[in-house]
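Residue numbers (this note's numbering): 1 to 282.
A virtual CB, placed ideally from N, CA and C, is assigned to each residue, including glycine.
Computed from a predicted model, the values in this text were never measured in an experiment.
Everything below concerns the one structure shown next.
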Amino acid sequence: MKPILLITAILFNAPMLSSYAKGTKMLYGQDDRYQVVNSTPMRNSIMAQVSKSKVDLKNLKFKNFISLAKRHNLCADEKYAQEPSISECTSFVIGNDLIATAGHCLFINGKNDKENCEEHLWVMNYTINSKLSKSDLYGCKEVIRIGADPDEYWDYAIIRLDREIKGAQKLTLTERLPILGDNLTSIGFPLGAPMKVSPVGKYFGLEEDLPIYSLDLFQGNSGSPIINQNQEVFAIHIMGPSDAIYYDSKSKCNRYNRCEPNQSSCQKNLGFPFREIGISFK
Numbered sequence: 001m002k003p004i005l006l007i008t009a010i011l012f013n014a015p016m017l018s019s020y021a022k023g024t025k026m027l028y029g030q031d032d033r034y035q036v037v038n039s040t041p042m043r044n045s046i047m048a049q050v051s052k053s054k055v056d057l058k059n060l061k062f063k064n065f066i067s068l069a070k071r072h073n074l075c076a077d078e079k080y081a082q083e084p085s086i087s088e089c090t091s092f093v094i095g096n097d098l099i100a101t102a103g104h105c106l107f108i109n110g111k112n113d114k115e116n117c118e119e120h121l122w123v124m125n126y127t128i129n130s131k132l133s134k135s136d137l138y139g140c141k142e143v144i145r146i147g148a149d150p151d152e153y154w155d156y157a158i159i160r161l162d163r164e165i166k167g168a169q170k171l172t173l174t175e176r177l178p179i180l181g182d183n184l185t186s187i188g189f190p191l192g193a194p195m196k197v198s199p200v201g202k203y204f205g206l207e208e209d210l211p212i213y214s215l216d217l218f219q220g221n222s223g224s225p226i227i228n229q230n231q232e233v234f235a236i237h238i239m240g241p242s243d244a245i246y247y248d249s250k251s252k253c254n255r256y257n258r259c260e261p262n263q264s265s266c267q268k269n270l271g272f273p274f275r276e277i278g279i280s281f282k
């Protein structure tokens, strides 16, 4: 992996790093994801990246969105199918006014990092039962560091928001990798849905110097924290299988794809490790 610290001229779409080889599956064994509630640890440290076009600032509500079922043609009986699909990526708090996410989240819709910084909001408390509050909406002041090279799998961004993040606790970062077989968890916004916890994952080592693991993550989870057994974040989620959902010809709709928990029948999830980024930011 080449040490590229700042690349802002490379434009690429989110699916490039959110996808993987065809013939893969996405859910590892049972779908263990669950809704975030007020008592969920780290709840206030996770933020959703949402286009300003989807936020009605006057009436403090989301607009111009549809359900997961409609956006992804997801079968009505699939888990969370009737929930709204609003956000584009996940991020998490690492400083008083700093968040971390995947680099490709700032190169979406054919636009560069500066444009996406200006055209998005970062939203706290995007959960199934929460109401939108002005205090939960943050703008992007600047992108202070970014690695965005799909050929080398550099994929991270550190963003300074427009003010100090109130009511949030910054997550503990570590440059240490887990031990093979260690349990992992993650939190984010799968397919743009309200915040979910993926509580049951395993660490499988490195590929191309990137951590590989089994967690039930989807498009929209890009930028999610990958959390070790000590509740430390060691990586940012950047990549998963391309066919997370498949077409059920009998039902004429899409279903979640599934594989064995040990990854024997699926492609891997990849994260970008903080040992490549460092854990000190100003």
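{"Check": "Going by the CB atoms, is the gap between ASP136 and ASN125 shorter than 7 Å?", "Outcome": "yes"}
{"Check": "Here's the rule I'm using: 16 or more other beta-carbon atoms within 10 Å means buried, otherwise exposed. How should GLY139 be labelled?", "Outcome": "exposed"}
{"Check": "Measuring only the C-alpha atoms, how far is ALA168 from GLY201?", "Outcome": "25 Å"}
{"Check": "In the DSSP output, what is PRO194 paired with across the bridge?", "Outcome": "Per DSSP, none; premise fails for PRO194."}
{"Check": "Tell me which residue opens and which closes the alpha helix (DSSP H) that ASN116 is part of.", "Outcome": "113-119"}
{"Check": "Does DSSP classify GLY271 as helix, strand or coil?", "Outcome": "strand"}
{"Check": "With a 10 Å radius around its C-beta and 16 neighbouring C-beta atoms as the bar for buried, classify GLY110 as buried or exposed.", "Outcome": "exposed"}
{"Check": "Quick check: what's the CA-CA separation for LEU173 versus SER251?", "Outcome": "44 Å"}
{"Check": "To the nearest angstrom, how far is it from the Cα of ASN116 to the Cα of ALA235?", "Outcome": "23 Å"}
{"Check": "Taking only the alpha-carbon atoms, compute the straight-line gap between TYR256 and ILE212 and give it to the nearest angstrom.", "Outcome": "21 Å"}
{"Check": "In the DSSP assignment, the beta strand (DSSP E) including LYS141 goes from what residue to what residue?", "Outcome": "140-149"}
{"Check": "Just the C-alpha distance for PHE62 and ASP56, rounded to the nearest angstrom, thanks.", "Outcome": "6 Å"}
{"Check": "Is it buried or exposed for ALA21, if we count other Cβ within 10 angstroms and need 16 for buried?", "Outcome": "Its pLDDT being 31, under 50, ALA21 is placed unreliably in this model, and the value from its coordinates should be taken loosely. Under this definition ALA21 is an exposed residue."}
{"Check": "If MET47 and ILE99 are in contact, beta carbons under 8 Å, what's the gap, nearest whole angstrom?", "Outcome": "6 Å"}
{"Check": "Expressed to the nearest angstrom, what Euclidean distance is found between the alpha-carbon atoms of ASP216 and LEU206?", "Outcome": "18 Å"}
{"Check": "Of all the options CYS89, GLU119 and ASN59, which has the alpha carbon lying nearest to the alpha carbon of SER53?", "Outcome": "GLU119"}
{"Check": "What is the DSSP secondary structure of ASP248, reduced to helix, strand or coil?", "Outcome": "strand"}
{"Check": "Would DSSP call GLY220 helix, strand or coil?", "Outcome": "coil"}
{"Check": "Hey, out of ILE66, GLY220 and ASN44, whose CA is closest to ILE108's CA?", "Outcome": "GLY220"}
{"Check": "Less than 8 Å between C-beta atoms, sequence neighbours within five positions excluded: which residues of the same chain meet that for ASP182?", "Outcome": "LYS202, TYR203, ASN228 and GLN229"}
{"Check": "Less than 7 Å between the C-beta atoms of PHE92 and PRO225, yes or no?", "Outcome": "yes"}
{"Check": "If contacts are defined as beta-carbon pairs under 8 Å, then ALA157 and CYS105 qualify, I think. What distance do you get, rounded to the angstrom?", "Outcome": "7 Å"}
{"Check": "Taking PRO190 and LEU184 to be in contact with their CB atoms under 8 Å, please state how far apart those CB atoms are, rounded to whole angstroms.", "Outcome": "16 Å between Cβ atoms; not a contact."}
{"Check": "Under 7 Å between the Cβ atoms of ASP31 and LYS79?", "Outcome": "yes"}
{"Check": "When burial is assigned at 16 or more other CB atoms within 10 Å of the CB, is LEU6 buried or exposed?", "Outcome": "Because LEU6 sits at a pLDDT of 35, beneath the cut-off of 50, its placement in the model cannot be relied upon, and the following sentence gives the value as read from the coordinates. By the neighbour-count rule (16 or more Cβ atoms within 10 Å), LEU6 is not buried but exposed."}
{"Check": "Does the distance from the C-beta atom of CYS89 to that of GLN35 stay below 7 Å?", "Outcome": "no"}
{"Check": "Please go through the same chain and pick out, in chain order, the residues whose beta-carbon is closer than 7 Å to the beta-carbon of LYS141, but skip the five residues on each side of it.", "Outcome": "ARG160, LEU161 and ASP162"}
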